[in-house]
Each structure stands twice: as structure tokens, then as C-alpha cells.
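S.K.: Numbering (the numbering used here), first residue to last: 16 to 106. What follows is a single structure, and I will ask about it in a moment.
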Amino acid sequence: MTNIVGIDLGTTFSALAILNVIGKPEIIPNADGERLTPSAIFFDEENSDMVRVGIEAINSRHLNAERSVRWIKRHMGDANYHKNIDSKDWT
């Protein structure tokens, strides 16, 4: 059987759900056991392959706020919006 996944991408929080065995949507907890994950990303400065998400991204913001992204949903569909990190544009 194919898994059906739904993502609720919110401005502040996001959630991931699947259809369970009886066909009802079931929210999948994140790695911290929470049903909601803050909609935040942090690009690690020391390890360019590492991207922190959720609460870890929010807690890392103090390291370098310019490497932090929140409220990205407000810019969805805006072809002119981009975030430049390490000379790379993220849209």
C-alpha cells in the first residue's frame, strides 16, 4: 500500500501527517516528540552541509541571525524573494 503524507506548512508552525491503517489522518511527532514543529531553518556556519530545523533552528538563531529563516510562508509565490547564504540564493 502506498503511504499518503500531508504537510501543513504554517507561517509559525508546521506538521506532518499520514493516513493510518483505518484511513484517518494521524500527525507524526517530530524528533522531540512534539506534534508541531516551528517553521524555522538555520544554516550552520561551520558545517555548510548542516541545516537545523524547528526548535533547534530557533535556539541557534543567536549564533548568527543572518543565517536564520522564519516566516518563509509569507514569501511563497514571490519570485523576487531570496535569502543569500554563503553566496548561494535560496528561493
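A virtual CB, placed ideally from N, CA and C, is assigned to each residue, including glycine. As the structure is a computational prediction, the values presented were derived from the model and not from experiment.
On a CA-only basis, which of W86, F58, H90 is nearest S75? Give me that one, please.
M.R.: Counted from its first residue, the sequence shown places residue 75 at position 60. Measuring from the Cα of S75, the nearest candidate turns out to be F58.
S.K.: Roughly how many angstroms lie between the CA atoms of I19 and I37, to the nearest whole one?
M.R.: One-based indexing of the sequence shown puts residue 19 at position 4. One-based indexing of the sequence shown puts residue 37 at position 22. Going from the Cα of I19 to the Cα of I37 covers about 12 Å.
S.K.: For I73, report the span of its alpha helix (DSSP H) as first-last.
M.R.: One-based indexing of the sequence shown puts residue 73 at position 58. Taken as a continuous stretch (DSSP letters only), the alpha helix (DSSP H) holding I73 covers 70-75.
S.K.: Would you check if the stretch 45-63 and the stretch 72-86 touch, i.e. whether three or more CB-CB distances between them fall below 8 Å?
M.R.: As far as the Cβ criterion goes, the stretch 72-86 touches the stretch 45-63, which means the pair count is three or higher.
S.K.: Buried or exposed: where does R82 fall if 16 or more other Cβ atoms within 10 Å of its Cβ makes it buried?
M.R.: Indexing the sequence shown from 1 puts residue 82 at position 67. By the 10 Å Cβ count, R82 comes out buried.
S.K.: By a C-beta neighbour count over all protein chains shown, 10 Å radius and 16 as the cutoff for buried, is A30 buried or exposed?
M.R.: Locating residue 30 in the sequence shown gives position 15, counting from the first residue. Classification of A30: buried, given that the 10 Å Cβ count is 16 or more.
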